[in-house]
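Notes follow once the structure below has been shown.
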Amino acid sequence: MEETLPITISTSESLAKRYNKLTSVVNKQEAQVNFQTLAAGWYEDENNITQLNMILVGNDEYLQQLALESSDDKTEISDDVMLYINQTQLKCLIAITDAEMELLDKQPKVLSGYISIKVKKVINEIAEKQGLLTLPL
Numbered sequence: 183m184e185e186t187l188p189i190t191i192s193t194s195e196s197l198a199k200r201y202n203k204l205t206s207v208v209n210k211q212e213a214q215v216n217f218q219t220l221a222a223g224w225y226e227d228e229n230n231i232t233q234l235n236m237i238l239v240g241n242d243e244y245l246q247q248l249a250l251e252s253s254d255d256k257t258e259i260s261d262d263v264m265l266y267i268n269q270t271q272l273k274c275l276i277a278i279t280d281a282e283m284e285l286l287d288k289q290p291k292v293l294s295g296y297i298s299i300k301v302k303k304v305i306n307e308i309a310e311k312q313g314l315l316t317l318p319l
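In the working numbering, each number is its position in the sequence shown, counted from 1, plus 182.
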C-alpha cells in the first residue's frame, strides 16, 4: 500500500511548462514542509491527520476553477488562495498572479525562494485556522 504524505504540492501543466524548474522546486518544498510540520507536532494524533493538497495554478486557471467549483466548504484565504475543506481533507488552490509571473519571467533565479515563501505563508494561514503551530518563513 502506497502512503501519501500529509501535505502534497503540485502544479498545473501550464505552469510547469512555463517554468521548467518549477516541478523540482515544488518537490523540494513538499519534502521540507512535511518535515517542518512533523517537527512542529502537526501529526501527534495519528487518528486525526489532516491531508492538505496544494495546487499551484496560473491566475487564469485559478479564476476558471473558482467559476466552476461551487461549494459551501470553500474559504477564500486571500484574493489568490482558495481553500476547500472536506472533513480532514483540504484542497488549496494557489494562484500565481500575472504580476508574480511577470516578476518570475524577469528574474527566474527568485523562483525557488518565491514559491517557498508563498507556500509557507499559505500553510501558516491554514495552521492558524486549524489551531496548529506555524512554520518559520
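All residues carry an ideal CB built from backbone N, CA and C; glycine is no exception.
For Q233, the three-state DSSP class (helix, strand or coil): Here residue 233 refers to the residue found at position 51 when the sequence shown is read from its first residue. Three-state result, Q233: strand.
Endpoints, the alpha helix (DSSP H) within which K256 is located: Sequence index remark: in the sequence shown, residue 256 carries index 74 (1-based). Here K256 belongs to no alpha helix (DSSP H); instead the beta strand (DSSP E) covers 256 to 260.
Beta carbon of V215 nearer than 7 Å to that of I305: To locate residue 215, count along the sequence shown from 1; it is residue 33. To locate residue 305, count along the sequence shown from 1; it is residue 123. The beta carbons of V215 and I305 sit closer together than 7 Å.
Those residues which DSSP pairs with Y266 across a bridge: Counted from its first residue, the sequence shown places residue 266 at position 84. In the DSSP output, where bridge partners are listed per residue, Y266 has K256, K273.
Spatial distance of P176 from L275 (CA atoms): Nothing can be reported for residue 176, as the shown portion of the chain is limited to 183 through 319.
N- and C-terminal bounds of the alpha helix (DSSP H) containing T190: Here the question's residue 190 lines up with position 8 in the sequence shown. Unbroken run through T190 is the beta strand (DSSP E), 189 to 193; no alpha helix (DSSP H).
Integer-rounded CB distance, given that L250 should sit under 8 Å from P188: To locate residue 188, count along the sequence shown from 1; it is residue 6. To locate residue 250, count along the sequence shown from 1; it is residue 68. Actually they do not touch by this definition, with Cβ atoms about 26 Å apart.
Nearest-angstrom Cα separation, counted from M236 out to N229: Mapped onto the sequence shown, residue 229 falls at position 47. Mapped onto the sequence shown, residue 236 falls at position 54. The straight-line gap from Cα to Cα measures roughly 22 Å.
Contact set for E243: own chain, Cβ-Cβ below 6 Å, skip 5 residues either direction: Here residue 243 corresponds to residue number 61 of the sequence shown, with the count starting at 1. Same-chain partners within the cutoff: S194.
Residues that L238 bridges to, as DSSP identifies them: The sequence position of residue 238 within the sequence shown is 56, counting from 1. For L238, which the question treats as bridged, DSSP gives the partners T193, I276.
Best match in T257, P318, G313 for proximity to K302 [C-alpha to C-alpha]: Start at 1 with the first residue of the sequence shown, and residue 302 comes out as number 120. Ranking T257, P318, G313 by Cα distance to K302 puts P318 first.
Integer-rounded CB distance, given that L204 should sit under 8 Å from A213: Taking the sequence shown and counting its residues from 1, the one referred to as residue 213 is at position 31. Taking the sequence shown and counting its residues from 1, the one referred to as residue 204 is at position 22. Incorrect: roughly 15 Å between the Cβ atoms, too far for contact.
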